[in-house]
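J.:
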Amino acid sequence: MTTPFDIQLPPSVDIGSFSTNTDSIGQSTLEIFRQNHKLTGSTNDSLELDDWSEFQLRLEKTKKRKAAIFDKRKSTTATAVLFDLIPLRSMHLQINVQYMTTADSTPFPPSLISLELVYPHGDERAEDLTKMMRMCPLLETLSIEVDEKPGRSFLWTLLDQEHQPTPLPLRHLNFRNVSFAQSNLENLLSFTPRLKTLTLMAMSTESHSEYDWTRLLEHIKARGIMLDSVHFSAYGHHSHLDILPRLGEICPSVTNWALWCHDVTYPFLQELTLRTSNVTTLDLFWRPREWNNPVLNSARELGDSPRLIHEYLCTSSQLVHLRTLKTVVRPEYFDLFVRRNQLDTETRGQQTLPLPPAPSAPAIWGCRGLETLHIDIHGAIKSKILFGYVSRVFPRLVDLSIQIPERFQEGEEGVEVVLVYPGFRVDLKGGFCLLSRLEHLRYLRVLTDSLRHPIYERCSKADLNWMLPSGRKIKYRRERMLQAELLRKVTWDSSWPHSKLDAVASRLVGAPRLDCYAQTDYNLDTHSTDIGKLLVQSQREYRRRTEMLTTTITTGLYRIVALYTPVTFTNFPFPETLTKPVLVVQNSSHIPAEANLAIILEKCLGLEYFELEGNADFELTWKAVTTADHRQQQQQQQQEQKVLSLRPFILYNTWLKQDSLENLLVMTPQLKVLKLIAMSSKVITMNPGDGLKRYDEVQLLSRILSLSIALDTFHLSCGDKEYRTPPQVMQQILDKSPSTMSEWHLWTFDISPSLLTRLHLHTSRLTTLELHAPRDGSLCSRQNCCMADIKNTLAPLHYFLTTSDDAVHLRTLKTVARLEDFDIYCRGRYYQLDNATNVLYSADICAPEKYLPVWQYRRLQTLYRCMDLESTWSWNPFTVG
Numbered sequence: 022m023t024t025p026f027d028i029q030l031p032p033s034v035d036i037g038s039f040s041t042n043t044d045s046i047g048q049s050t051l052e053i054f055r056q057n058h059k060l061t062g063s064t065n066d067s068l069e070l071d072d073w074s075e076f077q078l079r080l081e082k083t084k085k086r087k088a089a090i091f092d093k094r095k096s097t098t099a100t101a102v103l104f105d106l107i108p109l110r111s112m113h114l115q116i117n118v119q120y121m122t123t124a125d126s127t128p129f130p131p132s133l134i135s136l137e138l139v140y141p142h143g144d145e146r147a148e149d150l151t152k153m154m155r156m157c158p159l160l161e162t163l164s165i166e167v168d169e170k171p172g173r174s175f176l177w178t179l180l181d182q183e184h185q186p187t188p189l190p191l192r193h194l195n196f197r198n199v200s201f202a203q204s205n206l207e208n209l210l211s212f213t214p215r216l217k218t219l220t221l222m223a224m225s226t227e228s229h230s231e232y233d234w235t236r237l238l239e240h241i242k243a244r245g246i247m248l249d250s251v252h253f254s255a256y257g258h259h260s261h262l263d264i265l266p267r268l269g270e271i272c273p274s275v276t277n278w279a280l281w282c283h284d285v286t287y288p289f290l291q292e293l294t295l296r297t298s299n300v301t302t303l304d305l306f307w308r309p310r311e312w313n314n315p316v317l318n319s320a321r322e323l324g325d326s327p328r329l330i331h332e333y334l335c336t337s338s339q340l341v342h343l344r345t346l347k348t349v350v351r352p353e354y355f356d357l358f359v360r361r362n363q364l365d366t367e368t369r370g371q372q373t374l375p376l377p378p379a380p381s382a383p384a385i386w387g388c389r390g391l392e393t394l395h396i397d398i399h400g401a402i403k404s405k406i407l408f409g410y411v412s413r414v415f416p417r418l419v420d421l422s423i424q425i426p427e428r429f430q431e432g433e434e435g436v437e438v439v440l441v442y443p444g445f446r447v448d449l450k451g452g453f454c455l456l457s458r459l460e461h462l463r464y465l466r467v468l469t470d471s472l473r474h475p476i477y478e479r480c481s482k483a484d485l486n487w488m489l490p491s492g493r494k495i496k497y498r499r500e501r502m503l504q505a506e507l508l509r510k511v512t513w514d515s516s517w518p519h520s521k522l523d524a525v526a527s528r529l530v531g532a533p534r535l536d537c538y539a540q541t542d543y544n545l546d547t548h549s550t551d552i553g554k555l556l557v558q559s560q561r562e563y564r565r566r567t568e569m570l571t572t573t574i575t576t577g578l579y580r581i582v583a584l585y586t587p588v589t590f591t592n593f594p595f596p597e598t599l600t601k602p603v604l605v606v607q608n609s610s611h612i613p614a615e616a617n618l619a620i621i622l623e624k625c626l627g628l629e630y631f632e633l634e635g636n637a638d639f640e641l642t643w644k645a646v647t648t649a650d651h652r653q654q655q656q657q658q659q660q661e662q663k664v665l666s667l668r669p670f671i672l673y674n675t676w677l678k679q680d681s682l683e684n685l686l687v688m689t690p691q692l693k694v695l696k697l698i699a700m701s702s703k704v705i706t707m708n709p710g711d712g713l714k715r716y717d718e719v720q721l722l723s724r725i726l727s728l729s730i731a732l733d734t735f736h737l738s739c740g741d742k743e744y745r746t747p748p749q750v751m752q753q754i755l756d757k758s759p760s761t762m763s764e765w766h767l768w769t770f771d772i773s774p775s776l777l778t779r780l781h782l783h784t785s786r787l788t789t790l791e792l793h794a795p796r797d798g799s800l801c802s803r804q805n806c807c808m809a810d811i812k813n814t815l816a817p818l819h820y821f822l823t824t825s826d827d828a829v830h831l832r833t834l835k836t837v838a839r840l841e842d843f844d845i846y847c848r849g850r851y852y853q854l855d856n857a858t859n860v861l862y863s864a865d866i867c868a869p870e871k872y873l874p875v876w877q878y879r880r881l882q883t884l885y886r887c888m889d890l891e892s893t894w895s896w897n898p899f900t901v902g
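Here it is in structure tokens:
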């Protein structure tokens, strides 16, 4: 029995096993489920039925009751109620167990136009398909599927022109793992001239002889039936490739691929590709399983079909336009960042099979416009990985169905294997809320065969009611944040009162991000001392909770991923779990003239990102911490020789001696981003004759080249306004950084028409342009750039952005702009801005009759701009509209 977690939006959300709802008979669709638990109330009552005959009786009574109500209202009122005029059009029945009865005895309403029957198990009793067709004379879609072997037999009474004078309205016929004689099928097709879809998938040949596909094809041609989709296959037999080219005689345009897993081979897909221009529907069918082996064995039953389909989805141009996909997937297809082997809370302490290492860069499916996705997960997968992949790769999804087996086997038949019970979560911890990215999602089903561990076992109301309007109230949102610890940021400001800081301290444990602002010297600020103590306490509490919950399902809930800390001091008690510090030194009067980088790296062993924004008087040093003990000195020397995991290293407007920087580069072989922006050229020394010092760019580039550091992004510039980076150095930087083919990182005073021309010749497709400009803390707080110094450099850059073809593909732009560059209609002088009082007043100046060019990039996604508000140009607030 399958246990679904069924969500159909907008009605209510149901959690449980199959439910049976007979009051839905008056609606246009009837879903037969037996329900154990309801998340929210429903207008319709649910009823558990243990006897198939009881269901038939209830169905018949409901029909009569609805008919009686309709007759009564019709006789007493002039107009009938709209609800009573809606007949039942579609019915989907999943019949798990039948008690001495067959489905052909069900009193199907004559108004049905779609009937789908799903049998999880086979049965010796045969169903009479003729009875069903007679009860439903309007039937256009008939689908019959059997999940397990042996299949189910269906009888058919041969028709002639006398018994069936008019053609049947049948348009879609789908048989999967059923036993149906070919002579009976040919007789049925003689009365279905409107048929458009014919799927004969894994047809059972135990009760009847094997199908002669050539004879069947000739019969369809003789009847003049032209199909839109066709599939022929028999269970246990590979479809013959010689019949595949002839399918074009009855199905000239193939847009739907219905594939039987045993047919999926490279020659088969290549032959199918030759007959297809573009595919909109792909349905891979892998069932049935053997009745005595409910455990899925991927290698035996699926073969290479999941892998081949995955490769085609990533590479084939025919599958780019897919709208409907139903297939089998392996966990490694979605694990783009190789995280499935990491410890997570979903393992539940069960016995697991060691997973093979994932590829370094798994390919991504190309069908981004997918609207319907039904997948069977064959392997232990983390729900966060699955939900994250689906929500990012398929933003247009409307219908999503996920099937998880209770257990499965790995390996070939006859080899000892380990049974795996894949843990899967639909609560907030499992990443279920990631599906909120799917704006168009309307139908969601997550089903599992497990009766021991249903997927809703650990779900609370707060985990699920965010999908309903009633669950988006403030109290439920607060409950979700506290319960699931979804706080992404905690802000601490030493100027706040103690009462507010106490409230912030209570949320510090487990917070992945901290913004800390101190306005005075750290050693003198009592509030900053408090945050230091709280950080130590939070780390201790984090370790205590982690050690205490190592064997429970909540392991790792308090894992600190990253800590983002802009501070005004360098002796801050950084946590050991720190991976991303961003230090901002705004005023050097409250801090030492230098700061030791080795202290931070010694405290934070897992540091991956480092960024420091200093000032002209600030110096960053690299000095080993001296100790008196000989053993500690040896440990210290070993630590200095270790390899750091630092990847981006960014310094802005500060000074780090070149020999110290080169020593640091020796310890960072994984470095990918190196930005030395506006490096200060003033060094405070005891010898006044030293004057100004700058980097030896040629020596630094040679050192990087000798260390074999594969940088993706490299930037080097001097903060001195009078200094320009030599052209030969710029050329070496361009050659050293491959990202310059698509990314430009420019220093304001280096910009010139010749530099832009050189970059244009070096660029293939520009996607990112970042302009680094000087900052002056003495200026107005709303002005970050000294416009008087960089005004001459903005003109060539603005000209490039308005004329160059390279700017068309820009996605990210971080630059400095003048407001007059945005005044394309020259209306800025309609108003005058008094900078002293921030008052606008009218101006008696007519607008000049000139029109400025506009920037070319229309596909920009990220824009950071700093505009000149202190210039003499008169600003109209309605200009940038």
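Residue numbers for the sequence shown follow the numbering used here, so the first one is 22 and each next one is one higher.
Beta carbons: idealized from backbone N, C-alpha and C, even for Gly.
1. By the 10 Å Cβ neighbour count, where 16 or more other Cβ atoms means buried, how is A223 classified, buried or exposed?
2. Among C388, G324 and T286, which one has its Cα closest to the Cα of H336?
3. Would you kindly report the start and end of the unbroken alpha helix (DSSP H) that includes D304?
4. Would you call the segment 201-215 in contact with the segment 297-305, where contact means no fewer than 3 C-beta pairs closer than 8 Å?
5. Would L293 and W307 be called neighbours here (beta carbons separated by less than 7 Å)?
6. From the DSSP output, read off the bridge partner residues of T393.
7. I need the straight-line Cα distance from R249 to T220, nearest angstrom please.
8. Report back the beta-carbon spacing between E166 and N198 to the nearest angstrom; my notes put them in contact at under 8 Å.
9. From the DSSP output, which residues share a beta bridge with W129?
10. Please go through the same chain and pick out, in chain order, the residues whose beta-carbon is closer than 6 Å to the beta-carbon of E764, but skip the five residues on each side of it.
11. With Q1 as the anchor, note down where its alpha helix (DSSP H) starts and where it stops.
12. Please look up how many angstroms separate the CB atoms of L732 and I772, rounded, as I've assumed it's under 8 Å.
13. Excluding five sequence neighbours on each side, which residues of the same chain lie with their C-beta closer than 6 Å to the C-beta of Q424?
14. So for L179, helix, strand or coil by DSSP?
15. Are there 16 or more other CB atoms within 10 angstroms of the CB of E311, so buried, or fewer, so exposed?
16. Distance, Cα to Cα, E183 vs L194?
17. Does the beta-carbon distance from W234 to S254 come in below 7 Å?
18. Take K693 and list the residues in its own chain whose beta-carbon comes closer than 6 Å to its own, dropping the five residues that flank it on each side.
19. How should S527 be labelled, buried or exposed, when 16 other C-beta atoms within 10 angstroms of its C-beta is the threshold for buried?
20. Which residues in the same chain as I330 place their Cβ atom closer than 8 Å to its Cβ, once the five residues preceding and following it in sequence are excluded?
21. Considering only the alpha carbon of each residue, which of L697, S729, S727 and S775 lies closest to L737?
22. Under a three-way DSSP split, which group does Q115 fall into?
23. What residues in its chain sit with their C-beta under 6 Å from that of T883, if we drop five residues either side in the sequence?
24. On the criterion of 16 or more Cβ atoms from any shown chain inside 10 Å, does L633 qualify as buried, or is it exposed?
25. The alpha helix (DSSP H) with M154 in it runs from where to where?
26. Scan the segment 725-768 and note each continuous alpha helix (DSSP H) run of 4 residues or more that stays entirely inside, going in chain order.
27. Spell out whether any CB of chain D is found under 7 Å from the CB atom of P490.
28. Would you give the residue range spanned by the beta strand (DSSP E) that I671 belongs to?
29. If we count the other Cβ atoms within 10 Å of its Cβ and call it buried at 16 or more, is H783 buried or exposed?
30. For E353, count the other beta carbons within 10 Å of its own beta carbon; 16 or more makes it buried, fewer makes it exposed. Which is it?
31. Assign N277 to buried or exposed, taking buried as 16 or more other Cβ atoms, counted over all protein chains shown, within 10 Å of its Cβ.
32. For V167, list the residues DSSP reports as bridge partners.
33. Should S520 and L456 be called a contact, given that it needs their Cβ atoms to be closer than 7 Å?
T.: According to the structure data:
1. Flag for A223 reads buried.
2. Per the sequence shown, residue 336 should be read as Thr rather than His. Among C388, G324 and T286, the Cα nearest to that of T336 belongs to C388.
3. Note, D304: premise wrong, no alpha helix (DSSP H); beta strand (DSSP E) at T302 to F306.
4. Result no; under three Cβ-Cβ pairs closer than 8 Å.
5. Going by beta carbons, L293 and W307 fall outside the 7 Å limit.
6. Answer is T345 and D420.
7. Looking at the sequence provided, one finds Asp at residue 249 rather than Arg. Going by the C-alpha atoms only, they are around 11 Å apart.
8. Between N198 and E166 the Cβ distance is about 7 Å, and since that is below 8 Å, they are a contact.
9. Inspection of the sequence shows that residue 129 is occupied by Phe rather than by Trp. The partner list for F129 (beta bridge, DSSP) is empty, contrary to what the question assumes.
10. Contacts found: T789.
11. No statement about residue 1 is possible, as the shown extent of the chain runs from 22 to 902 and does not include it.
12. About 22 Å; that fails the 8 Å criterion.
13. Correct list, in chain order: D397 and L468.
14. L179 falls in the coil class under three-state DSSP.
15. Per-residue confidence for E311 stands at a pLDDT of 44, beneath the threshold of 50, marking its modelled position as unreliable; the derived number appears in the next sentence. So E311 ends up on the exposed side.
16. Whole-angstrom Cα-Cα distance: 24 Å.
17. No.
18. Cβ-Cβ distances below 6 Å link K693 to R668 and D733 in the same chain, with the five nearest sequence neighbours on each side left out; the list follows chain order.
19. Exposed: under 16 other Cβ atoms inside 10 Å.
20. The beta carbon of I330 is closer than 8 Å to those of L280, V285, L303, L305, T348 and V349 in its chain, skipping five residues each way along the sequence.
21. Closest option to L737, judged by alpha-carbon separation, among L697, S729, S727 and S775: L697.
22. Note: Q115 maps to strand in three-state DSSP.
23. Closer than 6 Å at Cβ, skipping near neighbours: T833.
24. Buried: at least 16 other Cβ atoms inside 10 Å.
25. It spans L150 to M156 - the alpha helix (DSSP H) in which M154 sits, taken as one unbroken run.
26. With a minimum length of 4 residues, the continuous alpha helix (DSSP H) runs that stay inside the segment 725-768 are 748-757.
27. Looking for chain D here will not work: only one protein chain is present.
28. Segment P669 to Y673, the beta strand (DSSP E) holding I671.
29. Under this definition H783 is an exposed residue.
30. Residue environment: E353 is assigned as buried (16 or more neighbouring CB atoms within 10 Å of its CB, all protein chains considered).
31. Buried: at least 16 other Cβ atoms inside 10 Å.
32. In DSSP, V167 forms a bridge with Y140.
33. Contact: no.
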